[in-house]
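Participant: Next up is a structure, given as structure tokens.
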Amino acid sequence: MPLRSEPTRWSTVAKTFHWLMALLILGNGAFAFYMDGLKPSLNKINMFALHKSIGLTVLALFVLRLAWKMLDRRPPDEPAPRWQQLAAHVVHGFLYLLIVAIPLSGWAFNSAHGFPLQYFKQFNLPALVEKNEELSNTLGTVHVYLFWLLLLVLVAHVGGALKHHFIDRDDTLRRMLPFGRAKRNTPTPPGDTP
Ligand code: HEM
Ligand code: HEM
């Protein structure tokens, strides 16, 4: 079980961060839409508290993931036109930004609305901004639109991964899959075709 990524595969730690966070983010977004449709009740309030705690967990995982990324190395890109490799890196940067911006906008929205914030009923977290109704409306909209933006960026991200897998038939997706292994044992030198 490699702790650090190798030239031909992502480490178990990197894969765990990637798939755990993807699951939590997409699951929490779907959960939010479901909750929003419920009639006002204590159950709904508890569900929103859970939504917020899961979102804060994503924020904490992001900090750990970034710290790990600084210690780890990244497997080199599979051969592809330079513009495609650049586009993939821009998309990754954008995804990292959204991973932070979505929970932070939710936290700021929650503060501006004047709601309390507890992490899994364990401890309170401070407000990010003062109570302000107008700002709360804006931040609520920003929070939801950022999630839609994430889904849009994911179309490019997932589309790229599937193109690598089914059209280029390289190891890009395979080496990121939970139990996936690269077919090749050595990375293809830049410029070579697979
Ligand atoms: C992975 C992180 C998160 C995702 C993907 C996410 C996603 C969403 C989505 C899609 C909605 C819209 C539901 C709807 O309008 O039907 C929503 C609503 C909401 N979120 Fe988040 N959220 C995240 C984190 C957070 C955090 C950290 C907080 C607060 C600390 C938060 C607070 C809220 C609140 C209070 C609402 C209700 C907004 C309203 O009533 O208009 N969210 N969230
Ligand atoms: C919320 C969902 C997701 C987010 C936020 C996300 C985010 C990211 C980020 C930030 C990276 C770059 C890792 C780095 O260089 O440090 C990455 C890599 C990757 N992701 Fe995702 N991802 C998501 C879902 C998916 C899905 C559903 C797939 C597959 C269909 C996928 C396939 C990949 C692959 C194959 C890589 C490695 C790319 C490479 O080796 O250049 N991701 N992802």
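Each residue of the sequence shown is one higher than the one before, starting from 1 at the first, in the UniProt record's numbering.
Note that beta-carbon positions come from the ideal geometry of N, C-alpha and C, so glycine has one too.
Three-state secondary structure (DSSP) at residue 133?
Facilitator: helix
Participant: When you compare only the Cα positions, how much space is there between residue 28 and residue 142?
Facilitator: 16 Å
Participant: Under the criterion of a Cβ to heavy atom distance below 6 Å, does residue 35 qualify as lining ligand 2?
Facilitator: no
Participant: Looking at the strands, I want to know which residues DSSP matches up with residue 4.
Facilitator: Partner(s): none; residue 4 has no beta bridge.
Participant: Let me check understanding here. Comparing Cα to Cα, which of 104, 150, 130 and 124 lies closest to residue 114?
Facilitator: 130
Participant: Apart from the five residues on each side of it in sequence, which residues of its chain come closer than 8 Å, Cβ to Cβ, to residue 25?
Facilitator: 58, 99, 102 and 150
Participant: Does the beta carbon of residue 70 fall short of 6 Å from some heavy atom of ligand 2?
Facilitator: Incorrect: residue 70 has no Cβ contact closer than 6 Å to ligand 2.
Participant: Tell me the DSSP bridge mates of residue 195?
Facilitator: Residue 195 lies beyond the residue range present for the chain, which begins at 1 and ends at 194; the question has no answer from this structure.
Participant: Kindly list the residues whose CB is nearer than 7 Å to the CB of residue 119, restricted to its own chain and excluding five residues on each side of it in sequence; keep chain order.
Facilitator: 53, 56 and 125
Participant: What are the partner residues of residue 96, as DSSP defines its beta bridges?
Facilitator: Answer is none; residue 96 lacks a bridge partner.
Participant: Should residue 106 be labelled buried (16 or more other beta-carbon atoms within 10 Å of its own) or exposed?
Facilitator: buried
Participant: Apply the 10 Å Cβ neighbour rule to residue 41 and answer buried if 16 or more other Cβ atoms are within range, or exposed otherwise.
Facilitator: exposed
Participant: Taking only heavy atoms of ligand 2 into account, decide whether any of them is closer than 6 Å to the Cβ of residue 96.
Facilitator: yes
Participant: With a threshold of 6 Å (Cβ to nearest heavy atom), would residue 19 be considered close to ligand 1?
Facilitator: no
Participant: For residue 67, report the span of its alpha helix (DSSP H) as first-last.
Facilitator: 42 to 71
Participant: Using beta-carbon positions only, say whether residue 157 and residue 91 come within less than 7 Å of one another.
Facilitator: yes
Participant: Please classify residue 139 as buried or exposed, where buried requires at least 16 neighbouring CB atoms within 10 angstroms.
Facilitator: buried
Participant: Taking its Cβ as the centre, do 16 or more other Cβ atoms sit within 10 Å of residue 155, making it buried, or is it exposed?
Facilitator: exposed
Participant: For residue 122, which three-state DSSP category applies?
Facilitator: Three-state DSSP puts residue 122 in coil, outside helix and strand.
Participant: Out of curiosity, what's the CA-to-CA distance linking residue 108 and residue 117?
Facilitator: 11 Å
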